[in-house]
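Q: Converting from the sequence shown to our numbering requires adding 6 to each position, the first position being numbered 1.
Starting off with a structure, shown below.
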Amino acid sequence: MKGVYMAENLRALDSLFYPRGIVVFGSVKHGKIAHQILTQLVSGSFRGVLCAVNPKGESPAEFPQVTGYAGVNEVEDEVDLAVICAPASFVLQVLDDCGHKKIPTAVIITSGFSEAGNRQGEKKLLECARRHGIRLVGPNCAGIMNTSSHFFASIEIHALPGRTAFVTQSGAIGGAVLSMAKLRGIGFSKFASYGNRVDIGENELLSYLAQDLDTDVIGLYVESLQNGRTFIEAAGEAVSRKPLIIIKSGRSSSGLRAASSHTGSLAGSDRVFDSMIRQVGALRVEGIEEMLDLCYGFTRLPQLKGNRIAIVTNSGGPGILTADRVEELAMDVKETDQAVKDKLHGFLPEHCAFSNPIDLTVEGSGKNYQRTLEIMLKHNYDGAIAINVATPFLDSRSLAEGIAAAASSQEKPLAAVFMAGEIVKEGIRALNESRIAHFPTGERAAYVFSKLHKYYTRRQIPASNGQVQRKTLPLKPPVLEPEAVSFLESEGLHFPEHAFVSSSEKILSFTDEIGFPMVMKVVSPQILHKSDVGGVILNIKNEQELDSAFEEIKTKFASYDFQGAMLYRQIEAPLEIIIGVKQDPDFGPVILVGAGGVYTELLEDISLRIAPLDKSQALEMISVLKIQKILAGFRGSAVLDSDALAELMASLSRLALTYPALKELDFNPVFVFEKGCLIGDTRILI
7 MKGVYMAENL RALDSLFYPR GIVVFGSVKH GKIAHQILTQ LVSGSFRGVL
57 CAVNPKGESP AEFPQVTGYA GVNEVEDEVD LAVICAPASF VLQVLDDCGH
107 KKIPTAVIIT SGFSEAGNRQ GEKKLLECAR RHGIRLVGPN CAGIMNTSSH
157 FFASIEIHAL PGRTAFVTQS GAIGGAVLSM AKLRGIGFSK FASYGNRVDI
207 GENELLSYLA QDLDTDVIGL YVESLQNGRT FIEAAGEAVS RKPLIIIKSG
257 RSSSGLRAAS SHTGSLAGSD RVFDSMIRQV GALRVEGIEE MLDLCYGFTR
307 LPQLKGNRIA IVTNSGGPGI LTADRVEELA MDVKETDQAV KDKLHGFLPE
357 HCAFSNPIDL TVEGSGKNYQ RTLEIMLKHN YDGAIAINVA TPFLDSRSLA
407 EGIAAAASSQ EKPLAAVFMA GEIVKEGIRA LNESRIAHFP TGERAAYVFS
457 KLHKYYTRRQ IPASNGQVQR KTLPLKPPVL EPEAVSFLES EGLHFPEHAF
507 VSSSEKILSF TDEIGFPMVM KVVSPQILHK SDVGGVILNI KNEQELDSAF
557 EEIKTKFASY DFQGAMLYRQ IEAPLEIIIG VKQDPDFGPV ILVGAGGVYT
607 ELLEDISLRI APLDKSQALE MISVLKIQKI LAGFRGSAVL DSDALAELMA
657 SLSRLALTYP ALKELDFNPV FVFEKGCLIG DTRILI
């Protein structure tokens with residue numbers, strides 16, 4: 007996959023993770039941040055040049071390898087990274103001094119900028135950095151680590167070495183992740199806290215780490231996005247190379263309450279983000295524990311290529327709980343076939359349970375675990391979870407060795423669950439020595455397996471068909487229904503027979519053109535949801551009813567800005583769908599499809615995807631809806647035209663990209679037939 011950023015841009019980040027010389031700005035007294043940074047660098051065995059710059063030219067007496075200077079212009083050694091811990095009021099001058107010294111990269115730990123309302127100060131930092139060609143991380147960040155080069159320029163604890171990179175917008179979350187990971191023996195290749203993101207942010211870091219040979223898995227904590235469209239590209243690039251696991255805070259959305267159209271209310275910001283994550287193939291988790299479980303699982307377990315999971319236990323209850331969770335997560339606790347049972351009967355006594363989950367009971371020795379797991383994994387199972395509940399009869403180390411032997415005999419994922427804590431510590435130690443993935447409960451192991459399966463069986467993102475030529479929208483707000491219909495028809499979209507009437511004198515002239523029965527809808531810039539206020543009259547069967555319906559609507563909405571009425575041929579269709587588009591501030595046009603008509607918000611059976619959207623992707627969106635069963639011919643009913651619906655969705659995607667002034671656009675309902683579909687109602691917000 008082609009990289010999001012040019013190679014030369016990413017090479018600029020090398021001095022961020024692989025500096026040859028570092029200068030730390032700030033007071034080096036005990037308890038000060040600069041002292042803490044130097045302590046981390048020295049204790050981590052950094053091998054390059056270390057300098058401290060502060061007004062007194064001091065360096066910590068306990069660190070003879072650190073040279074102190076009163077100004078960065080005095081530094082004679084080559085330095086390519088500045089770590090700035092000076093007070094906020096001095097940071098701009100320090101950065102300018104770094105520019106004159108030709109230091110290419112800076113990490114600003116200091117807080118007191120946009121997070122404290124000082125946006126102007128942050129703007130000046132960026133201007134200074136760009137003037138000097140400095141790449142900048144921060145301000146208000148926790149720093150950078152690279153375990154492979156013994157580089158720990160961070161206020162957080164040292165990370166253990168490993169194959170996971172962690173990128174975080176929040177330094178506090180970063181510290182929590184590192185601390186919890188250390189307790190579990192989980193290591194990291196790189197760590198980056200980017201704070202206020204004045205320059206380098208999540209997009210560039212993801213693109214860099216996607217190409218990092220020391221990193222097998224990327225974890226990301228994010229609160230907001232630097233650029234949504236670029237994030238899609240950077241995340242997609244990362245996912246094409248390695249798993250990307252994301253925590254996104256801020257699931258609630260006050261914007262939902264202010265949304266004015268169906269699409270606006272259904273396509274809330276977190277829903278859109280969630281859809282984007284699924285679209286690019288990344289994995290979203292709820293919190294730190296799940297994040298660490300997945301980072302650990304992906305670095306310890308081979309690919310899971312199917313969803314059939316074998317469970318081997320020495321106690322029924324934990325095995326059943328694990329089986330329940332496996333199936334809740336859309337995987338299969340496949341029944342043991344007779345050939346497997348026959349092999350198991352060859353060495354296990356009759357009181358064992360031979361149906362998946364296999365219960366070894368008191369016969370759960372290390373050898374029996376090994377033989378059982380090897381047989382299961384060789385016969386139609388894609389992965390296995392081995393559960394051991396500690397008993398006084400069995401040695402946990404020998405059990406662990408048996409499980410490790412089974413894992414080494416094949417290339418399918420095998421996770422161990424050793425329950426009872428302190429009693430099984432020798433077994434846990436043996437599992438760690440053999441690098442066997444282990445979890446405290448079967449449910450957590452099942453969760454990791456489900457995400458392994460989701461990642462390794464994901465669909466690759468197709469390449470975009472190129473840029474759409476943008477055009478000026480030939481509409482002015484507010485867009486009334488007659489104008490909306492006329493515009494959409496000019497773009498090749500189809501409606502039932504229709505006409506707009508502004509007075510009763512002309513109304514009867516459209517009866518032959520449209521035909522009965524008819525639907526009449528009020529037209530007024532003050533009325534958005536017409537059916538909610540009684541602005542729709544159905545089943546108009548003749549000219550007399552048509553005439554009286556117009557007078558009824560005209561009288562009822564006389565106090566509104568009444569423009570007239572839209573007449574449509576009344577359509578009876580097997581299914582009504584909503585299709586819509588919303589311009590998301592982060593990602594641009596977001597396409598929505600779901601159950602339509604008056605039950606749209608009630609059922610909330612919807613699917614979202616960020617444009618561009620082609621027909622195959624539209625069909626994929628439709629396939630996850632509950633109402634897809636109706637489209638496919640539920641209980642002998644006719645099969646409806648999903649292809650026509652998908653083509654309409656793809657047309658809407660092109661429309662939204664062509665006319666960026668379209669803020670929101672609803673088709674609700676769309677009538678779907680055995681052949682074709684028609685738009686029954688539309689509203690456009692610009």
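The beta-carbon is built from N, C-alpha and C at its ideal position, and this holds for glycine as well.
#1: Strictly by DSSP, which residues pair up with S613?
#2: When burial is assigned at 16 or more other CB atoms within 10 Å of the CB, is P167 buried or exposed?
#3: Would you report the Cα separation of V228 and R615, rounded to the nearest angstrom?
#4: Check whether the stretch 242–249 touches the stretch 579–591, counting contact only when three or more Cβ pairs, one atom from each stretch, lie closer than 8 Å.
#5: Hey, would you say L300 sits closer than 9 Å to V423, going by beta carbons?
#6: If the criterion is Cβ atoms closer than 9 Å, does the pair V332 and F455 meet it?
#7: Quick check: the Cα distance between G540 and L534, rounded to an integer number of angstroms?
#8: Should F119 go down as buried or exposed, given a rule of 16 or more other Cβ atoms within 10 Å for buried?
#9: Decide if S260 is buried, meaning its Cβ has at least 16 other Cβ atoms within 10 Å, or exposed.
#10: For the beta strand (DSSP E) holding Q589, just list the boundary residues, first then last.
#11: Mapping DSSP to helix, strand and coil, what is D696?
#12: In the stretch 102–133, which residue ranges form an unbroken beta strand (DSSP E) of at least 3 residues, counting only runs that do not cross its ends?
#13: Got a sec? Which residues, its chain only, sit under 6 Å from D592 by beta carbon, not counting five neighbours each side?
#14: Hey, quick one: how far does the beta strand (DSSP E) through K681 stretch, first residue to last?
#15: Below 8 Å on the Cβ atoms is my contact criterion, and I expect I150 with F23 to pass it. Report the Cβ-Cβ distance as a whole number of Å.
#16: If you measure between the beta carbons of V318 and P355, is that distance less than 9 Å?
#17: I'd like to know if S281 contacts chain B, where contact means its C-beta is closer than 9 Å to some C-beta of that chain.
#18: Run through DSSP, which three-state label would A505 get?
#19: For the stretch 67–86 and the stretch 104–113, state whether three or more C-beta atom pairs, one from each stretch, are separated by less than 8 Å.
#20: Take V48 and list the residues in its own chain whose beta-carbon comes closer than 8 Å to its own, dropping the five residues that flank it on each side.
#21: Enumerate, from N- to C-terminal direction, the unbroken alpha helix (DSSP H) stretches of 4 or more residues contained entirely within the stretch 167–200.
#22: Going by other Cβ atoms of all chains shown within 10 Å of its Cβ, with 16 needed for buried, is E210 buried or exposed?
#23: Are the beta-carbon atoms belonging to N60 and G74 less than 9 Å from one another?
#24: Considering C358, what are the terminal residues of the alpha helix (DSSP H) in which it resides?
#25: Give the straight-line distance between the Cα atoms of A451 and G201, rounded to the nearest whole angstrom.
#26: Thinking just about the alpha-carbon of each residue, which of C683, T664, N674, F673 is nearest to the one in D649?
#27: Under a three-way DSSP split, which group does R689 fall into?
#28: In whole angstroms, what separates the C-alpha of A719 from that of H351?
#29: If I measure Cβ to Cβ from D83 and keep anything under 6 Å in the same chain, skipping five residues before and after, which residues do I get?
#30: State the Cα-Cα distance for the pair S154 and F237, rounded to the nearest angstrom.
#31: Taking only the alpha-carbon atoms, compute the straight-line gap between S267 and I685 and give it to the nearest angstrom.
#32: Cβ of N362 versus every heavy atom of the ligand GDP: is any distance shorter than 8 Å?
#33: I'd like the list of long-range same chain contacts for S321, defined as Cβ closer than 6 Å, with 5 residues on each side in sequence excluded.
#34: Per DSSP, what kind of secondary structure is C301 in: helix, strand or coil?
#35: Identify which residue in F677, T116, P618 has its Cα closest to the Cα of Q285.
#36: For the 8 Å Cβ check, are there 3 or more pairs between the stretch 654–661 and the stretch 560–568?
A: So, to answer that:
#1: V599
#2: Residue environment for P167: exposed (fewer than 16 other C-beta atoms within 10 angstroms of its C-beta).
#3: 20 Å
#4: No, the stretch 242–249 is not in contact with the stretch 579–591.
#5: no
#6: yes
#7: Answer to the nearest angstrom: the Cα atoms are 12 Å apart.
#8: buried
#9: Caution is warranted here: a pLDDT of 46 is assigned to S260, below 50, making its placement in the model unreliable, and the coordinate value is therefore given only provisionally. It counts as exposed.
#10: 581–590
#11: Residue coverage of the chain in this structure runs from 7 to 692, which leaves residue 696 outside it and unanswerable.
#12: Qualifying beta strand (DSSP E) stretches, in chain order: 111–114.
#13: L231, G234
#14: Counting along the chain, K681 falls outside any beta strand (DSSP E), and DSSP gives it neither H nor E.
#15: 7 Å
#16: no
#17: Protein chain content of the structure displayed is limited to a single chain, and chain B is not contained in it.
#18: Assigned with DSSP and collapsed to three states, A505 falls in strand.
#19: yes
#20: In the same chain as V48, and ignoring 5 residues on each side of it, the C-beta atoms closer than 8 Å to its own belong to L56, F69, Q71, V72, in chain order.
#21: 177–189
#22: Around the beta carbon of E210, 16 or more other beta carbons sit within 10 angstroms, so the residue counts as buried.
#23: A contact, by the Cβ cut-off of 9 Å.
#24: Looking at the DSSP string, C358 is not in any alpha helix (DSSP H), and its letter there is neither H nor E.
#25: Rounded to whole angstroms, A451 to G201 spans 33 Å at the Cα level.
#26: C683
#27: In the structure shown, R689 sits in a strand (DSSP, three-state: E or B).
#28: No information on residue 719 is available, as it lies outside the stretch 7 to 692 that the chain covers here.
#29: G27, V55
#30: 27 Å
#31: For S267, the pLDDT reaches just 45, beneath the cut-off of 50, and the residue's location in the model is therefore unreliable, leaving the point undetermined.
#32: With respect to the ligand GDP, the structure shown offers nothing to examine, as it has no ligands at all.
#33: V395
#34: helix
#35: Nearest option by C-alpha distance: P618.
#36: no
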